[in-house]
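Have a look at the structure below before the remarks.
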Amino acid sequence: MLDPVLLCDLGGTNCRLGLMRDGVVDRTNIASYENADVPHLIAQIQRYQSGRFDALEGMVIALAAPAEGDRVALTNLDWVLDKRELMDAFSVRSVTFLNDFTALGYALGDMASLDTLPLAERDLDTSQTRLILGAGTGFNCAAYLTDGSVTICEAGHASFVPITDFDLRLREKMTERYGRCSNERLLSGQGFREIYADLSNTPVDEVSGPDVLRAGVDGRDATARQACMEFARMLGQTAGDLALTFWAKGGVWLAGGPCRALAPILALPDGPFLTAFRQKGRMTDEMAQVPVALLQDDYAALHGCAHKFRH
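Take 80 as the starting number for the sequence shown in the numbering used here and just add one per residue.
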């Protein structure tokens, strides 16, 4: 029997670790640790190692940074990863670095392993391009193409396209404040603060995004509810645009904590998200046939790492 492969999804705050055994992710051995507790990734893996493995066949590490070369500095964490150091520390023959969204894209090649909540159930055509969107600390997307490869972009840094009068007003305010209004400014956790601040005429610095999200989903605060509905509409509008850009007839998946928290609104059959996702003029009927689902856990990138190693 081959030794297991270490799978790692390394973010700025947390490190998620798992093992691939016999070609599949061992869900019983997934763990998450805070990065502030240790000085480097080797220490994280050593903490995880105890009782789980003696030797490894290899490592695949998804990280929030451009994954180029054998030595990579993380974007949101003061760590530098070196392939040779990792190989020497754990006596492995191979270490692969992936951008975290590339890993999410590869996860779409292993659909049966993902925990998902359908938002728009349609027949899945696995021969078509699939798209995954992440709305969390930031915003971006990756596409799993028909040849089994993955491409990523910087959709979060593209300009937000306003549709309604509210959008236009919000874009004007945010452009004045930040110099421009990007998708990421609105379609991330920060977006709830910006939208609520505008609707309530409250300074942005006095608004808590998580509080707005909770109160809006629960319906305890009418303004927070409106902010969540506006966020869902903007997310649906942009997700639909990206689905058209990549022509993701194979489906669109949403990832990220804010999306999971917003699930009761995203799942409304005639709600703001699905309505805006499909309202694409002459392409409306085609968009209505695109499957849409929500990823239910934070471990999809580990499945993507496993898929990359296998292929």
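Using N, Cα and C, we set each Cβ at its ideal position, and we do this for glycine too.
- For the pair Gly-270 and Phe-180, the Cα-to-Cα distance works out to about 20 Å.
- Within the same chain, and ignoring the five residues on either side of Thr-230 in sequence, the residues whose Cβ sits closer than 8 Å to its Cβ are Gly-184, Ala-221, Ala-222 and Leu-224.
- For Glu-233, the closest of Ala-379, Glu-263, Arg-256 and Glu-251 by C-alpha to C-alpha distance is Glu-263.
- Linking Ser-279 to Thr-302 through their CA atoms gives a straight-line distance of about 7 Å.
- DSSP places Thr-195 in the strand class (E or B) of the three-state scheme.
- Here the region 313 to 328 makes contact with the region 234 to 253; the two share three or more CB pairs at distances below 8 Å.
- Close CB contacts of Gly-227 within its chain, under the 8 Å cut and outside five residues either way in sequence, are with Gly-188 and His-390 (chain order).
- Arg-131 sits in coil when the DSSP states are folded into three classes, being neither helix nor strand.
- Collapsing the DSSP output to three states places Tyr-223 in a strand.
- Measuring C-alpha to C-alpha distances from Phe-218 to each of Leu-265, Asp-284 and Val-84 identifies Leu-265 as the nearest.
- Counting of Cβ neighbours within 10 angstroms places Ile-140 among the buried residues, the total reaching 16 or more.
- With fewer than three CB-CB distances shorter than 8 Å, the region 151 to 166 does not count as touching the region 357 to 375.
- Ala-144 is positioned such that its CB atom lies no closer than 9 Å to that of Asn-93.
- Put simply, of Arg-304, Arg-299 and Arg-357 the residue whose alpha carbon is nearest the alpha carbon of Ala-322 is Arg-357.
- Here Val-174 has Met-138, Lys-162, Leu-165 and Met-166 as same chain residues with Cβ atoms under 6 Å from its own Cβ, once five neighbours each way along the sequence are excluded.
- In the structure shown, the three-state DSSP call for Tyr-378 is coil.
- Between the alpha carbons of His-119 and Phe-132 lies a distance of about 20 Å.
- Taking the Cα positions, Gly-258 is about 45 Å away from Met-99.
- Ala-186 is a Cβ neighbour of Ala-380, given a cutoff of 9 Å.
- CA-CA distance, Gln-128 to Arg-361, rounds to 54 Å.
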